[in-house]
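K.L.:
In the numbering used here, the protein residues as written are 120 to 514.
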């Protein structure tokens, strides 16, 4: 059945904006985008609405923490883990999110969920699975076996490739969320990372590097990581990323600003130890890092750390709004979660922009985010592959 949304403002995710446009889709794919009304078996009046591509959160942790349960990072059993993942997958579309790049889940629960969704053709969000991150023995985020040499890191990378993971995550430094971990401590050298990163790249996998210090970020950039997470980048590291692009090797920045903001502003005494690791100046340094990347042409991609303490599904909307405080226009900020996020995730031929032939992944908003970025919160409905996966309550 051919469906058409007529008379809506359409933000295609490219630089094109159609103020009175039409979006047509059939069998899960976009068939036409036009500045003229189109015909269809079902016609939806989009007057006063804005249509944008489905949002992509490039850094989440499916199943890591259930909202309202405190610091319940680790599920009690696989049943609880599965329930958490399903709860979160149902929650993301409320905020316009149609795809998540996972950054770590116990027991490879995200891979099982991804495979189930694909096998049953479940009308839900797209999951880019990561499984458990690769970290050293006793390192940040490591609760079991560690990988302490270049050979061990390479072998674990190959195991994850064999499993069919979409993403290989390397924990290059310590972190905030592991109680006795030093966020500044470097866990992997460039030499320990390079063979595994090269193998992942040959096999078409996305590599991501957890980095909370500049030396760690430098190691990850030089080792060829596709994305750098968290780090408060400076001129030297941004220049290294720029050189990668000049050499034809793509590298992206995922700031997860909302994570540090939430840590700094949460007063729960249970997390006093985590707040002690943060510095009030961290947000200014994060903003400066985003500005440096934006000015240098390094793509910034919307990323939240959702489901870690204080950060929830949907906080990507707050993250996008923070980017507008760093010099990005409202359109550029939206593109961090659409066009640029899809490029990072290597799915840009399938989604990320509203163009004929691509999946009908889109969000209908009841406001104009180009005038007010907070209008992204006014989600009327969210669509994945032409299926409505969230419908808001009419006001």
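Ideal Cβ positions, reconstructed from N, Cα and C, are used throughout, including at glycine.
Just the Cα atoms here: how many angstroms apart are residue 452 and residue 469?
P.N.:
Numbered from its first residue, the chain shown carries residue 452 at position 333. Numbered from its first residue, the chain shown carries residue 469 at position 350. Between residue 452 and residue 469, the C-alpha separation is close to 21 Å.
K.L.:
Considering residue 246, what are the terminal residues of the alpha helix (DSSP H) in which it resides?
P.N.:
Locating residue 246 in the chain shown gives position 127, where the first residue counts as 1. Run containing residue 246: none in the alpha helix (DSSP H); it sits in the beta strand (DSSP E), 245–247.
K.L.:
Should the region 315–322 be regarded as contacting the region 389–397, the criterion being three or more beta carbon pairs within less than 8 Å?
P.N.:
Result no; under three Cβ-Cβ pairs closer than 8 Å.
K.L.:
Kindly list the residues whose CB is nearer than 6 Å to the CB of residue 422, restricted to its own chain and excluding five residues on each side of it in sequence; keep chain order.
P.N.:
As a working note, residue 422 is residue 303 in the chain shown. The answer, listed in chain order, is 177, 178, 373 and 375.
K.L.:
Short check: CB of residue 181 to CB of residue 228, under 8 Å?
P.N.:
The count along the chain shown starts at 1 and reaches residue 181 at position 62. The count along the chain shown starts at 1 and reaches residue 228 at position 109. Yes, they are a contact pair.
K.L.:
Can you check the region 248–327 for any alpha helix (DSSP H) of at least 4 residues that lies completely inside it and give the ranges in chain order?
P.N.:
Fully enclosed alpha helix (DSSP H) runs of 4 or longer: 269–282 and 309–321.
K.L.:
With 16 other CB atoms within 10 Å as the buried threshold, where does residue 120 fall?
P.N.:
Here the question's residue 120 lines up with position 1 in the chain shown. So residue 120 ends up on the exposed side.
K.L.:
Nearest CA to the CA of residue 249: which residue from 282, 260, 287 and 256?
P.N.:
Sequence index remark: in the chain shown, residue 249 carries index 130 (1-based). Per the Cα distances, 287.
K.L.:
Our contact map puts residue 125 next to residue 170 with C-beta atoms below 8 Å; I'd like the distance itself, whole angstroms only.
P.N.:
The residue given as residue 125 occupies position 6 in the chain shown. The residue given as residue 170 occupies position 51 in the chain shown. Incorrect: roughly 11 Å between the Cβ atoms, too far for contact.
K.L.:
Might you give, ordered along the chain, the residues of its own chain that have their beta carbon closer than 7 Å to the beta carbon of residue 199, omitting 5 neighbours on each side?
P.N.:
Translated into positions along the chain shown, residue 199 becomes position 80. Within the same chain, residue 199 has no close Cβ partners at all.
K.L.:
Can you tell me where the beta strand (DSSP E) with residue 172 in it begins and where it stops?
P.N.:
As a first step, residue 172 is located in the chain shown; it is residue number 53 there, counting from the start. 169–172 is the span of the beta strand (DSSP E), which, as asked, contains residue 172.
K.L.:
Report the option in 479, 506, 441 and 508 whose CA atom is closest to the CA atom of residue 493.
P.N.:
By 1-based counting over the chain shown, the position of residue 493 is 374. For residue 493, the nearest C-alpha among the options comes from 441.
K.L.:
Taking the Cβ atom as the reference point for each residue, do residue 410 and residue 446 lie within a distance shorter than 8 Å?
P.N.:
By 1-based counting over the chain shown, the position of residue 410 is 291. By 1-based counting over the chain shown, the position of residue 446 is 327. Closer than 8 Å, so yes.
K.L.:
Please classify residue 241: does DSSP put it in a helix, a strand, or coil?
P.N.:
Along the chain shown, one-based indexing puts residue 241 at 122. Coil, per DSSP.
K.L.:
Should residue 186 be labelled buried (16 or more other beta-carbon atoms within 10 Å of its own) or exposed?
P.N.:
In the chain shown, counting from the first residue as 1, residue 186 sits at position 67. For residue 186, the pLDDT reaches just 48, beneath the cut-off of 50, and the residue's location in the model is therefore unreliable, although a value from the coordinates is still provided. Residue 186 should be labelled exposed.
K.L.:
According to DSSP, simplified to helix, strand and coil, what is residue 454?
P.N.:
The count along the chain shown starts at 1 and reaches residue 454 at position 335. In the structure shown, residue 454 sits in a helix (DSSP, three-state: H, G or I).
K.L.:
Could you work out which residue in 298, 369, 247 and 238 is closest to residue 342 when comparing CA atoms only?
P.N.:
In the chain shown, residue 342 corresponds to position 223, counting from 1. Closest option to residue 342, Cα to Cα, is 369.
K.L.:
Express the C-alpha separation of residue 478 and residue 504 in angstroms, rounding to a whole number.
P.N.:
For the purposes of this step, residue 504 is identified with residue 385 of the chain shown, where counting begins at 1. For the purposes of this step, residue 478 is identified with residue 359 of the chain shown, where counting begins at 1. Looking at the two C-alpha atoms, the distance is approximately 5 Å.
K.L.:
Contact between the region 454–470 and the region 128–145: three or more CB pairs below 8 Å?
P.N.:
Because the criterion of three Cβ pairs below 8 Å is met, the region 454–470 and the region 128–145 touch.
K.L.:
Taking a contact to mean a Cβ-Cβ separation below 8 Å, would you say residue 246 touches residue 219 in this structure?
P.N.:
On the chain shown, position 127 is the one that residue 246 refers to. On the chain shown, position 100 is the one that residue 219 refers to. Yes; because the gap between Cβ atoms is below 8 Å, this pair is in contact.
K.L.:
Over the uninterrupted alpha helix (DSSP H) stretch that includes residue 401, give me the two end residues.
P.N.:
Along the chain shown, read from residue 1 onward, the residue named residue 401 stands at position 282. Run containing residue 401: 401–415, per the alpha helix (DSSP H) assignment.
K.L.:
Does DSSP classify residue 186 as helix, strand or coil?
P.N.:
Residue mapping note: residue 186 aligns to position 67 of the chain shown, counting from 1. The predicted model places residue 186 with a pLDDT of 48, which falls under 50 and marks its position as unreliable, so this point remains unresolved.
K.L.:
Could you tell me which residues DSSP puts in a beta bridge with residue 426?
P.N.:
Walking along the chain shown from the start, residue 426 turns up at place 307. Paired residue(s): none; residue 426 is not in a bridge.
K.L.:
Can you tell me whether residue 299 is buried or exposed, with buried defined as 16 or more other CB within 10 angstroms of its CB?
P.N.:
In the chain shown, residue 299 corresponds to position 180, counting from 1. Residue 299 should be labelled exposed.
K.L.:
At a cut of 8 Å, does the region 281–295 reach the region 321–334 through at least three beta carbon pairs?
P.N.:
The region 281–295 vs the region 321–334: in contact.
K.L.:
Quick one: is residue 172 buried, meaning 16 or more other Cβ sit within 10 Å of its Cβ, or exposed?
P.N.:
Taking the chain shown and counting its residues from 1, the one referred to as residue 172 is at position 53. Flag for residue 172 reads buried.
K.L.:
Going by other Cβ atoms of all chains shown within 10 Å of its Cβ, with 16 needed for buried, is residue 184 buried or exposed?
P.N.:
The sequence position of residue 184 within the chain shown is 65, counting from 1. It is buried - the Cβ of residue 184 has at least 16 other Cβ atoms within 10 Å.
K.L.:
Grouping DSSP H, G and I as helix and E and B as strand, with all else coil, what is residue 466?
P.N.:
Stepping through the chain shown from its first residue, residue 466 is reached at position 347. Here residue 466 sits in coil by DSSP.
K.L.:
Determine the direct distance from the alpha carbon of residue 314 to that of residue 156, and round the result to whole angstroms.
P.N.:
Within the chain shown, numbered from 1, the residue matching residue 156 stands at position 37. Within the chain shown, numbered from 1, the residue matching residue 314 stands at position 195. Taking the straight line joining both Cα atoms gives about 53 Å.
K.L.:
Can you find the residues in the same chain that come closer than 8 Å, C-beta to C-beta, to residue 311, ignoring five residues on each side of it along the sequence?
P.N.:
Taking the chain shown and counting its residues from 1, one reaches residue 311 at position 192. For residue 311, where only same-chain residues beyond five positions count, the Cβ hits under 8 Å are 268, 269 and 272.
K.L.:
Relative to the C-alpha of residue 484, which candidate in 140, 165 and 151 has its C-alpha closest?
P.N.:
The residue you call residue 484 lines up with position 365 of the chain shown. Of the candidates 140, 165 and 151, the one whose C-alpha sits nearest the C-alpha of residue 484 is 165.
K.L.:
For the beta strand (DSSP E) containing residue 349, list its first residue and its last residue.
P.N.:
Taking the first residue of the chain shown as position 1, residue 349 is located at position 230. Run containing residue 349: 346–349, per the beta strand (DSSP E) assignment.
K.L.:
Comparing C-alpha positions only, which one of 205, 139 and 241 sits nearest to residue 507?
P.N.:
As a first step, residue 507 must be located in the chain shown, where it is residue number 388. With distances taken between Cα atoms, residue 507 lies closest to 241.
K.L.:
Of the residues 129, 123 and 122, which one's Cα is nearest the Cα of residue 487?
P.N.:
For the purposes of this step, residue 487 is taken as residue 368 along the chain shown, with counting starting at 1. That would be 129, whose Cα lies nearest to the Cα of residue 487.
K.L.:
Taking 8 Å as the threshold (C-beta atoms), are residue 476 and residue 149 in contact?
P.N.:
On the chain shown, position 30 is the one that residue 149 refers to. On the chain shown, position 357 is the one that residue 476 refers to. Contact flag set, yes.
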